[in-house]
Each structure stands twice: as structure tokens, then as C-alpha cells.
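So the protein sequences, as listed, match chains Y and C. For what it's worth, our numbering labels the leading residue of the first sequence as 55, then goes sequentially. For what it's worth, our numbering labels the leading residue of the second sequence as 32, then goes sequentially. Ideal Cβ placement from N, Cα and C applies to all residues, glycine included. Here the structure is a predicted model, which means the values were calculated and not measured.
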Amino acid sequence: MKTLRLLAPFIAPLVLTAAFVSPSPIAGQTPQATPPPPAQPRSVQFPKPVEQTLTNGLRVIVVHRAGAPLVAGQLLIKNGGEADPVELAGLSNMVADLITKGTARRSATQVAEAIEALGGSLDSSARWDASRVGVNVISSKIGPALDILADVVRRPTFKEDEIERLRQQTLDELTVEMGEPSVIAQYVASRIVFGDTPYGKPLGGTTESITRIGRDDIMKYHSRYYRPDNAILVLGGDITPANAFRLAQQYFGDWQKPVDALPTRGSAETGNSAQSRVIVIDKPDAGQAAVMVARSGINRRDPDYFVGIVTNSVLSGYSGRLNQEIRIKRGLSYGAGSSLEARRDVGPFSASAQTKNVSAAEVADLLMREVGRLSSEPVADIEMTPRKAVVVGNFARNLETAAGLTSQIGSLALYGISFDEINRYIGNVQSITARDLQRFAGARLSAAGTSIVVVGNAKDFLPALRKQYPNVEVIPVAELDLNTALLRKKQPAK
Amino acid sequence: MKLRTPVAWLTLVVLYLISPLSGDVKAQTARVTMPQIKFQERTLPNGMRVLSAVDHSSPTVAIQVWYHVGSKDDPAGRSGFAHLFEHIMFKATRNMKSEMMDRLTEDVGGFNNAFTNPDVTVYYEVVPSNYLETLLWAEGDRLAGLTVDEPNFKSERSVVQEEFRQSYLAPPYGMLEYLIEQQSFTSHPYKRPTIGSIEDLDAASLENVRAFHQTYYRPDNATLVVAGDFDPKQLNSWVDKYLATIPKPAITLPRVGVKEPERTAERRITHYAANVPLPAIAFTYLTPPERSPDAEPLRVAATVLAQGESSRLYRSLIYDQQLAQSADATPDLREDAGVFYFTVVLASGKTPAEGEKALLAEIKKMQDAPVAAAELEKARNQLVTNELRQRETSNGKALALGSAAVLLGDSSRVNTDLAKLQSVTAADVQRVMKKYFTSANRLVIIYLPEAQKVPATGANTSLSNPGGGKAK
């Protein structure tokens with residue numbers, strides 16, 4: 055692949071002339087030396103979601119889009135990893151995994167057989183702020199698929215043997231994950247940015263927390279959060295609203311709302327990233343180093359959300375500044391990018407790249423420099439215009455598939471944002487100015503609160519990194535402890 | 032573990048399914064109509080093929096150029112070159128500066144990318160439809176000639192070396208994937224992994240770039256596919272203007288003629304590597320190429336064995352026996368010969384021998400008894416749904432069309448192969464399982480952590496020249 059865009063959360067630019075805008079007069083003979091200009095653009099029509107709330111409080115949203123005969127359905131529970139108790143990281147994820155492993159009506163094997171016989175798949179996972187159970191099937195099979203989806207959400211049995219099986223699988227998955235430098239970097243960065251607050255935990259848990267989770271914890275999480283008045287059902291694609299509402303009523307209408315009130319949501323109370331750290335996780339067998347700079351960013355309802363998106367787009371994406379500097383100009387990485395993850399509470403901002411071990415310090419420096427440059431100098435229009443186009447294009451393309459449409463609408467619903475935002479999206483992006491961007495970068499992405507994480511073979515880059523950052527902390531991977539913000543296992547008493 | 036290779040990904044693309052879906056299982060009565068892709072095809076006087084499919088549902092258009100050249104055509108001692116060349120195609124041309132393709136796509140809200148596999152190199156762009164003419168000009172321009180300079184070439188070569196590290200050295204099972212590619216073939220140039228080796232990439236020169244372009248990047252080795260929102264008449268006139276004018280060279284197009292010999296006895300490799308969190312094993316079997324009538328039964332077999340949690344390998348190795356952390360089956364059916372491989376990452380505390388025994392038992396079951404009707408129907412539904420998802424976007428439709436035309440040699444198969452898949456019987460599946468999954472046709476790779484290496488017996492597969500085929 056030319057780029058890893060398909061894999062990385064990339065989005066943004068540079069001082070580049072869009073050649074068709076101002077054709078450079080290169081002398082050429084065949085057949086024409088400058089690109090032909092674009093024709094008149096066609097307007098984009100976005101599908102309109104409609105919604106109903108069932109008497110049990112379940113919000114049902116339908117967004118019809120003719121095209122391929124496919125429907126994506128997603129049930130969102132409005133809590134995910136942030137609701138895991140401090141010492142039980144990974145609980146929400148285990149719950150989401152376990153609901154498909156046996157219900158009052160079907161065994162684990164029967165659940166898998168039923169959904170796969172329809173040609174579909176049932177995906178359940180916990181994220182930050184939400185747990186999701188999704189199906190994606192040929193439209194004629196959405197009824198039976200929702201029957202299965204409702205069954206696993208409403209009637210999981212959480213059998214002991216299934217819990218133990220999943221526990222072993224999860225522990226092995228963690229073992230494999232921890233072989234990947236970029237995954238370790240992400241986990242370490244979360245701990246640095248969010249400390250011991252909810253978003254600081256590894257979403258999938260740690261060996262210790264997964265070992266600790268009991269059946270009671272699992273049942274308690276499920277009964278507390280998996281309830282109709284804490285859920286949203288989104289159906290998108292080749293399905294009419296009438297049919298969708300009928301199916302929702304059929305499979306979820308008699309889902310009882312518990313008598314006790316919904317638990318009130320505590321704040322993830324972030325913002326403790328004022329202290330920036332430079333941390334090296336020494337993994338001598340790493341075939342490449344993962345370099346990440348991270349800090350706290352914004353929440354989803356921040357008035358500066360769109361400024362944030364455009365700012366991130368200036369940094370990230372194939373022609374974003376990071377990839378320009380690190381990959382295109384210097385050949386130091388297969389790809390560099392950044393992400394500004396807006397969550398219910400303030401989420402992370404991070405910029406990252408993987409590079410050969412010996413160039414890790416140089417890449418860390420480039421990442422920091424580009425983040426800093428956002429606030430030290432204004433972005434010229436000639437750079438801003440194409441980066442806005444990237445944002446708008448990604449947004450529109452995302453709505454082209456049933457799954458993309460459903461997930462986009464689900465995200466708006468989850469954060470209580472009006473669906474009107476879909477139609478205002480392009481205008482919101484276009485209205486951002488260079489001044490907005492510079493103000494935002496200065497206030498929200500300043501280098502002062504930004505930390506650096508490098509995971510790799512330390513002997514190859516530590517001297518160079520130390521020259522620049524004398525305060526660097528080195529933790530051998532065997533001593534890494536993701537259970538707390540200290541990040542280091544306690545030394546056994548002598 | 033998901034082994035993600037450009038090839039494995041393309042495999043999905045190559046599943047052509049057609050409507051209507053036949054006999055549903057009991058509870059299901061609805062029949063699925065797989066929408067046909069209506070397309071037009073023409074061949075230009077210079078030999079370039081043009082396929083197009085109109086779809087006005089979104090104001091975007093996908094443009095792809097398929098070059099019938101892949102890593103099997105890497106020059107001697109230059110493994111990884113076709114893929115490196117793919118990267119170079121984004122650098123300067125006669126009328127474009129480096130990265131101008133990004134200006135014409137990304138900067139107007141679209142995107143571009145490309146991939147290389149053993150048989151083809153494919154470039155694609157998705158842009159707002161009013162930019163179609165601009166992109167046809169640009170594709171014509173880079174087909175007509177490159178003007179990349181030394182600094183740009185070297186910098187991009189470093190990028191590809193980082194891609195090697197990121198895809199194969201950093202992830203825990205990257206080198207297992209590499210070994211599967213490298214060790215499955217002994218004579219055919221498929222034995223050189225598409226990514227190549229750091230050493231061979233270092234040896235590549237600008238002169239190689241010029242020669243490669245001249246040899247393979249020519250209109251009679253290219254297929255243009257356009258799908259989405261466009262006017263067919265306009266498309267034809269732009270194609271005439273920007274692509275039909277490119278001359279066809281007089282020199283003949285070289286083709287790989289090497290035949291991979293049949294395997295005659297099981298071969299076993301033990302490989303010790305850094306960063307192996309849990310031991311793993313792989314089996315590979317040589318199969319016929321993707322044009323073969325056995326391709327569909329092999330794909331059905333892979334689906335029955337490994338797609339989803341009701342698949343046989345998941346049920347047996349992961350769920351019931353709890354022997355494995357992951358278990359996959361991949362029908363990597365290529366143009367000249369196929370390789371069907373299994374990978375199993377063991378659960379902690381389990382040995383490769385246990386995994387091997389369990390995997391063999393599942394293969395044997397497929398050979399000893401026909402797949403049940405409901406299981407077969409499930410696999411068909413899974414394959415149909417995969418294909419529908421693949422074709423949801425214009426770019427996906429173009430990929431389906433391009434693979435039919437270039438890899439299967441018949442564009443109409445984009446609409447007819449589903450019928451073939453629907454007609455696969457349990458007996459067909461059993462027959463291919465018996466025919467190809469023999470011990471004589473098996474390569475076994477045992478992939479272990481370095482720490483388990485016993486010094487005296489630690490014979491390792493040599494990776495010092497992982498391009499294979501040529502001592503340096």
C-alpha cells in the first residue's frame with residue numbers, strides 16, 4: 055500500500071499549490087501540460103434520520119438510504135469503559151463479549167450459528183462512553199438479526215464456564231497485544247494523560263484486573279447499564295422507517311425498564327495532564343519504535359469542536375504536516391498522523407509515528423515541533439482550504455455505507471447532539487478561520503501539557519532523546535505496570 | 032491474529048457472486064437479489080482496456096488503473112521492486128510535481144491510494160465527480176512517463192523500508208506471514224514476498240525505475256475502471272483525449288513462465304523469532320490458480336472452516352478445546368498458482384504439537400464427510416453478504432470489475448461467478464479437500480520464541496536474504 059490510511063485514524067497539509075487552481079505553466083507537448091479544471095460540482099444530499107422513543111425509554115433512530123440491499127443495526131448502551139470500577143479495568147469489555155456467549159434462549163454456539171446463517175455477524179464491544187452491539191446483514195434478514203441482537207442484550211446468562219473461557223482468551227489477547235510497540239505506547243499515553251481517572255485505564259483491562267473480575271461484577275454492570283432507558287437503537291441503510299419502528303417494537307417493546315433510577319454519571323474529571331512527562335518503555339526486541347506525543351484535548355460538546363477537527367486535519371492525513379515532514383520529506387516512517395478524540399468528557403489528543411529505532415528521537419522532536427508550530431504561526435489559506443476539503447470529503451464518504459451511516463448517527467445520538475449538525479457540518483467547517491485555529495492550538499494543544507512516549511529498543515535512541523529531554527524516565531517493558539499512573543511495578547521489598 | 036496482506040484482502044474482492052440467492056434455510060424465506068453491475072467495456076487502439084459503470088447515488092467517482100504487473104515480475108535481485116515502484120508513481124511525472132496526485136484528490140475532498148500484490152498493481156482515486164476529467168489527465172500523464180529524481184527516489188525507498196518494519200518487524204506475527212509467502216513456493220517467483228527485503232530495496236536504483244516503467248507501464252498492460260457519477264459520452268471523449276493518445280511500445284511484454292512443481296513430500300520448518308508472545312503454527316498447501324473451477328469450492332471450504340464463531344476451527348480449536356488464541360484459513364489464490372494457508376496462534380500453555388493435531392483433525396473431517404446442507408448454505412450467505420458490502424461503494428464496485436477483467440481475464444465474471452458459487456455442492460468441497468489437503472502437499476511452519484531455542488538444534492530458516500532466490 056502506498057499509505058496506511060486504511061489502518062490509522064488519520065485525517066490533514068502544507069504549503070502546496072492546488073495545481074488546478076493556479077496552473078503552473080510547465081511547458082509540455084503531450085497532450086496537455088496542465089490539468090483540466092473541474093466541472094461544476096454536484097450538491098451532496100445527506101439522508102435524514104427519523105426517531106421515536108418507545109414507552110420503556112428506548113430511543114429508536116432510523117436512517118434510510120437506498121442503494122445496496124444492506125442494513126446495519128447498532129444498539130448503543132450509553133456507558134463503556136469509563137464506567138469500569140478502578141480496580142476492574144476491562145469489565146465493560148468482558149460484559150460486551152459475554153452477552154453473545156449464551157442467553158436464556160440460545161447457547162453461545164447457537165448465537166453464532168444463528169447470526170452467521172443469515173450471512174451476518176454480531177459484533178459487540180465496549181468503547182469509551184458506550185458499549186455497542188452491532189449487526190450488518192442483507193436487508194431481508196434484518197428481522198431475524200434483530201431477534202438475535204435483542205436476545206443477547208436482554209437475556210445473557212453469564213455462565214461460569216463461559217466467563218472462565220473468555221478470561222483465558224482475554225489474557226492471551228493481552229499477551230499478544232503487548233508485543234506491539236504501538237499498542238503499548240497508546241496505553242502508556244492514556245495513563246500519562248488521564249492518570250488514575252476513568253479514561254486512564256486500558257480499555258481491555260490488564261492481566262491483574264481481568265483475573266480479578268468476578269461473575270457478580272459482570273451481572274452488576276449488565277443490570278445497571280443495559281436497560282432500555284440507557285440505550286439507543288440505530289438502524290441504517292435499506293430499511294424504511296415504518297418497518298424499522300415495527301421491528302423495534304416487536305423485539306424491544308417489552309424490554310422492561312428497571313424501577314430504580316438510572317445511575318447518575320460521574321465526570322471522568324480529566325485535565326490532569328498539566329505535568330508533562332517523557333517516558334521510554336524499553337523493549338529490546340522491538341523491530342521498530344513507536345513514538346507518540348499526547349495530551350488532553352476536548353469533549354464532544356465543546357464549542358470548539360469544529361475548530362478542533364480542522365486543526366487536527368492540518369496536522370494529520372496523508373498530506374497533513376506530520377506526514378509531510380516525517381514521511382514525505384524525510385522518509386522516516388510509513389505514516390505519521392494525529393487524532394483528536396472528542397469524548398463525553400475531555401478526550402485525548404495524540405500524534406504518532408513508527409520509525410526505525412535509531413530515528414525515534416528525531417521523530418519525537420518532529421512531532422513536538424509540528425504540534426507547537428500550530429500555535430506559533432497562523433495557517434495560510436492556501437493550506438487551510440485543502441485541509442477543510444479533506445474533512446468534508448471524509449465526512450461525506452463516511453455516510454456512503456450502511457455501517458458508516460449508522461455509526462455516524464449513533465455517535466451524534468450518544469452525545470446528545472442534534473441531527474441538524476449533519477446539514478450544518480460543511481458550513482461549520484468552512485467558517486473556521488486561521489485565527490480560530492491558532493487560538494485553539496495555543497489554548498488547547500500547547501506543548502507545555504504534552505507528554506512523549508517512545509516504545510522501542512532504548513539503546514538505539516536514548517542518548518539522543520536524553521540530550522533533548524534530560525528528564526526522560528526509562529521503564530523496562532518487564533517492569534511496566536498499566537494498573538496505575540506510576541507505570542512501574544513496585545519493587546519487591548528486600 | 033488476522034494476517035493482513037494485500038493479497039488476502041484482494042481475495043475478498045475476487046469472490047464474484049450473482050443473484051438470486053437460492054434455497055434459504057428453514058426460518059428464512061426471503062431470497063436475495065444480488066444487484067448486477069451494469070458496465071461497458073471498450074478496448075482502445077493502443078490496447079488499453081476501459082471498463083465503466085454508472086451510479087449516480089453519490090456525487091463521487093472512483094477511478095482505478097490496474098497494471099498487470101506485480102511482485103512476481105520483480106527484476107532479479109530486486110525483490111520488492113514492483114511495490115517500491117508503486118510508491119514512485121506518486122512522484123514527479125512530465126507534467127506533475129511530486130505528490131501532485133494528492134493535490135488533485137485529497138485537496139478537493141477525495142483520496143487516493145494504491146496496492147501491489149504478486150500479480151497486479153492497482154492505483155485508485157475517489158473524487159467529487161466534477162474532477163473526473165482532471166484525474167483521467169493525471170493517470171494518463173503518469174502512464175506516459177516519470178521524471179522522479181534521485182533524492183525523491185531514495186526518500187521513498189526509506190518509506191518502503193519503514194513499511195517493511197511496520198508490517199513485518201513490529202507486529203508479533205509479521206514474520207510468520209513473511210515466512211508463509213517466502214517458503215510456500217520453491218521455483219515460481221511467488222517465493223519472493225511482495226514487500227521484498229531491506230537489502231534488495233537498498234540495491235534498487237533510479238535506472239531500475241526507468242526500465243520497469245518502460246517494460247510494464249504501457250497502455251496494453253493497463254485497464255482503466257471508472258465507477259460512479261459520470262456521463263458515459265463525456266467519459267469516452269476524455270479517455271480518447273488523455274489515454275488513447277499514449278503510444279503502445281513495440282517491445283514485447285515479458286511474462287513469467289515458471290511453473291511451480293508439485294510438492295512430493297511434507298516439508299517442516301521451525302523458525303525462532305523475536306517478539307513471539309505465544310507460539311504459532313502454519314500449514315500451507317499449493318492449490319490451482321484463481322481461474323480454476325476449483326476456486327469456488329476452495330473459498331467455500333475456507334468459509335466453512337474459518338469465518339465467524341460458528342466456523343469449524345473456531346468451534347473446535349478455540350471454543351471447545353481451548354487450544355488456540357486464533358485460527359484462520361486463507362485461500363490466497365493467485366494468477367499462476369494458489370496457496371491455501373492456515374495459521375493458528377496457540378493459547379498459553381498449549382504446544383504446537385497439540386495445535387497441529389487438532390488442525391489436522393479438522394481438515395480430515397472435511398475430507399471424510401460432506402459438509403451439511405445448512406452449513407453450506409451458511410457459507411454461501413456469508414460470501415454473498417461479504418460481496419454486497421464490498422460493492423457498497425463505487426470504489427468497491429470498481430475493484431470487483433477490475434479483478435474480473437484483469438485477474439480472471441473476463442469482465443463478465445463480475446456478474447456470473449455468483450452462480451458458480453451457488454452451484455458449489457458439498458461433494459465439490461469434499462473433493463477439493465481430499466485432492467489438495469494431502470500430507471505430501473503440506474508445508475508446516477512452527478513459529479517459536481527465540482527463548483525456546485535449544486542451542487545445539489537451533490536450525491533456523493535463513494532470513495539473511497529474505498528476498499529469496501538469489502545469493503548476494
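| query | Using the rule of at least 16 other Cβ atoms within 10 Å of the residue's Cβ for burial, across every protein chain shown, is Y:LEU540 buried or exposed? | reply | Y:LEU540 should be labelled exposed.
| message | Measuring only the C-alpha atoms, how far is C:LEU309 from Y:LEU257? | response | So the two alpha carbons sit approximately 22 Å from each other.
| Neighbour-count burial assignment, Y:VAL140, 16 or more Cβ in a 10 Å radius | Its Cβ having fewer than 16 others within 10 Å, Y:VAL140 is exposed.
| request: Please determine, among Y:ARG375, Y:ILE192, Y:GLY290, Y:ILE335, the residue with the shortest C-alpha to C-alpha distance to Y:ILE529. | output: The residue with the shortest Cα to Cα distance from Y:ILE529 is Y:ILE335.
| request: Could you have a look at C:GLY369 and say whether DSSP puts it in helix, strand or coil? | output: Looking at C:GLY369 - three-state DSSP - the assignment turns out to be strand.
| The beta strand (DSSP E) enclosing C:GLN483, as first and last residue numbers | First-last for C:GLN483: undefined, no H or E at that position.
| message | Tell me which residues of the region 351-373 of chain Y have at least one Cβ-Cβ distance to chain C shorter than 9 Å, keeping chain order. | response | Among the residues of the region 351-373 of chain Y, those with a Cβ less than 9 Å away from any Cβ of chain C are GLY371, TYR372, SER373, in the order of the chain.
| field | Terminal residues of the beta strand (DSSP E) in which C:LEU317 lies | value | Segment 311-318, the beta strand (DSSP E) holding C:LEU317.
| query | Hey, would you say C:ALA358 sits closer than 8 Å to C:TYR478, going by beta carbons? | reply | The answer is no: Cβ separation not under 8 Å.
| Rounded to a whole number of angstroms, what is the C-alpha to C-alpha distance between Y:PHE299 and Y:GLN106? | Counting only the Cα atoms, Y:GLN106 lies some 8 Å from Y:PHE299.
| query | Going along chain C in order, which residues have a C-beta closer than 8 Å to the C-beta of Y:LYS501? | reply | Here residue 501 of chain Y is Ala; the residue named in the question, Lys, does not match the sequence. Within 8 Å Cβ-Cβ: nothing; Y:ALA501 doesn't reach chain C, min ~25 Å.
| query | Looking only at its own chain, which residues have a Cβ that is under 7 Å from the Cβ of C:GLN192, when we skip the five neighbours before and after it? | reply | Taking C-beta separations shorter than 7 Å and ignoring five residues to either side along the sequence, the partners of C:GLN192 in its chain run ILE229, LEU232, following chain order.
| Since Y:PHE403 is in the beta strand (DSSP E), which residue starts that stretch and which ends it? | Y:PHE403: member of the beta strand (DSSP E) spanning 402-409, first to last residue.
| query | Pairing CB atoms from the region 171-189 of chain Y with CB atoms from the region 406-420 of chain C, are three or more of them under 8 Å? | reply | Yes: the two stretches touch, three or more of their Cβ pairs being nearer than 8 Å.
| Three-state class that DSSP yields for Y:ASP535 in the structure shown | In the structure shown, Y:ASP535 sits in coil (DSSP, three-state: anything other than H, G, I, E or B).
| said: Going by DSSP in three states, Y:LEU228 sits in which element: helix, strand or coil? | reply: Reduced to three states, the DSSP call for Y:LEU228 is helix.
| What's the gap between the Cα of C:LEU167 and the Cα of Y:ASP226? | If you draw a straight line from the Cα of C:LEU167 to the Cα of Y:ASP226, it is about 49 Å long.
| field | beta strand (DSSP E) runs contained entirely in the region 66-123 of chain C, provided each spans 3 or more residues | value | Here the runs fully enclosed are 71-74, 80-85, 91-98.
| task | Grab me the residues of C:ARG473's own chain with a C-beta within less than 7 Å of its C-beta, minus the 5 sequence neighbours each way, in chain order. | result | Excluding sequence neighbours, C:ARG473 sits near GLU297, PHE314, TYR316.
| Closer than 7 Å, Cβ to any Cβ of chain Y: which residues of the region 409-425 of chain C, in chain order? | The region 409-425 of chain C vs chain Y, Cβ under 7 Å: LYS409, ASN412, GLN413, VAL415, THR416, LEU419, ARG420, ARG422, GLU423, THR424.
| said: Please return the same chain residues whose Cβ sits closer than 8 Å to the Cβ of C:ILE300, not counting the five positions on each side in sequence. | reply: Excluding residues within five positions, the ones whose Cβ falls inside 8 Å are LEU210, GLN214, LEU474, VAL475, ILE476, ILE477, THR492.
| field | Inter-residue CB distance, C:LEU177 and C:ALA123 (contact presumed, cutoff 8 Å) | value | At roughly 7 Å, the Cβ-Cβ gap stays under 8 Å, so C:LEU177 and C:ALA123 are in contact.
| query | Mind checking if C:GLY141 is an interface residue toward chain Y, Cβ cutoff 8 Å exclusive? | reply | Chain Y places a beta carbon closer than 8 Å to that of C:GLY141, counting this residue as a contact.
| field | Beta-carbon proximity of C:ALA201 to Y:GLN342, cut-off 8 Å | value | The answer is yes: Cβ separation under 8 Å.
| query | If we ignore side chains and look at the alpha-carbon of each, how far apart do Y:ALA204 and Y:SER505 end up? | reply | About 43 Å.
| request: Starting from the C-beta of C:GLN398, find all residues in its chain whose C-beta is less than 6 Å away, skip the five residues before and the five after it, and write them out in chain order. | output: Closer than 6 Å at Cβ, skipping near neighbours: MET464, LYS465.
| Contacts around C:LEU75, its chain only, beta-carbon distance under 6 Å, and the 5 residues preceding and following it disregarded | These residues qualify, in order along the chain: ALA275.
| query | Is the distance from the Cβ of Y:TRP309 to the Cβ of Y:ARG160 below 8 Å? | reply | Contact: no.
| task | Give the DSSP-derived three-state secondary structure of Y:PHE299 in the structure shown. | result | The three-state secondary structure of Y:PHE299, taken from DSSP, is helix.
| Any chance the region 515-526 of chain Y sits against the region 414-432 of chain Y, with 3 or more Cβ pairs inside 8 Å? | As far as the Cβ criterion goes, the region 515-526 of chain Y touches the region 414-432 of chain Y, which means the pair count is three or higher.
| query | What are the boundary residues of the beta strand (DSSP E) that C:PHE146 is part of? | reply | Start and end: 142-147.
| task | State buried or exposed for C:ALA403, treating a residue as buried only when at least 16 other CB atoms are found within 10 Å of its CB. | result | With fewer than 16 Cβ atoms within 10 Å of its Cβ, C:ALA403 is classed as exposed.
| Proximal residues, the region 224-241 of chain Y versus chain C, C-beta separation under 8 Å | Close to chain C, meaning a Cβ-Cβ distance shorter than 8 Å, are the following residues of the region 224-241 of chain Y: LEU225, ASP226, GLU227, THR229, VAL230, MET232, GLY233, GLU234, PRO235, SER236.
| request: Mind listing the chain C neighbours of Y:ARG96? Cutoff is C-beta to C-beta under 8 Å, in chain order. | output: Per Cβ cutoff of 8 Å: PRO90, PRO159, SER160, ASN161, ASP260.
| query | Taking Cβ positions only, does Y:ARG219 come closer than 8 Å to chain C? | reply | Chain C, which has a Cβ nearer than 8 Å to the Cβ of Y:ARG219, makes this yes.
| request: Report back the beta-carbon spacing between C:PRO263 and C:VAL376 to the nearest angstrom; my notes put them in contact at under 8 Å. | output: For a cut-off of 8 Å, the C-beta gap from C:PRO263 to C:VAL376 is around 49 Å, too long to register as a contact.
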